[in-house]
Amino acid sequence: MNYSRIARATPLAVAVCAAAVTMSAPSASAEVVDVTVVPGLSGGPTTPYGAGCTYLVVARTATAAEPGVSIVDLNRASTFFLEETIWDTVNPYYVPPVVLGHAFSLWTPTAPGEHSLMGYQTSAGGPIETVTVNPGTPIGPGCLVAP
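Heads up, the final residue of the sequence shown is numbered 146 in numbering that gives the first Met the number 0, and it's a clean run with no missing numbers.
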C-alpha cells in the first residue's frame, strides 16, 4: 500500500519540482530599446542641456521585468550621481534596476559639447541618444543654459 502512494505521488512531485525550477530560472535578457534624456526645467535658445546641471536619463527595455540596465556617457565628461556613489561605497557591480520596463539615472554633464548616452544590458551595447550640451548655470530645480 505504501508503494502505491509513492507511485501516485512521484509524478506530482516531479511536476512541482520542474515547475519550480522553470519559474526560478533567469529569463533571457531583453535589449534596451530606447534612451531618452529629459530636459526638465532647463532652458536655452538652442539647447535645453547645460554643463553642471542634472538631468534624468531613462532607458526603456523590451520587457517589463529585467535584472538591470547600465547607462553610460560614451564621452566620459559627466557624472552619474547615484550609480557612482553606490559603486564607490556599497556595491562595485551596481546597475540601476528596471521598474516596469524603465531604468532611471541622474546624469550631470561636466563639459559642454556632444554627449552620447548609451543604455545596455550586454556587451553588445544598445541604443545611443546624442545631445548637445552648452555651458549652464544650475538655478534651483532648473538650469540656465548659455547660447
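For each residue, glycine too, the CB sits at the ideal point set by N, CA and C.
- Counting along the chain, the unbroken alpha helix (DSSP H) around Glu82 starts and ends at 80-88.
- Look at Gly49 here: in three-state DSSP terms it is strand.
- With 16 or more neighbouring CB atoms inside 10 Å of its own CB, Asp72 falls in the buried class.
- Pro126 and Gly118 have their C-alpha atoms spaced approximately 6 angstroms apart.
- Take Trp86, set aside five residues on each side of it, and the residues of its chain with a beta-carbon closer than 6 angstroms to its own are Tyr93, in chain order.
- Exclusion of the five residues before and after Glu82 leaves Tyr93, Pro95, Ser104 as the residues of its chain whose Cβ lies within less than 7 angstroms of its Cβ.
- Proximity to Thr136 across Val36, Pro108, Val34, Ser122 peaks at Pro108, based on C-alpha coordinates.
- When the beta-carbon positions are compared, Ser69 and Trp106 stay at least 8 angstroms from each other.
- In the three-state DSSP reduction, Val32 falls in the strand class (E or B).
- The shortest C-alpha to C-alpha distance from Gly100 to any of Arg59, Val89, Leu143 is the one to Arg59.
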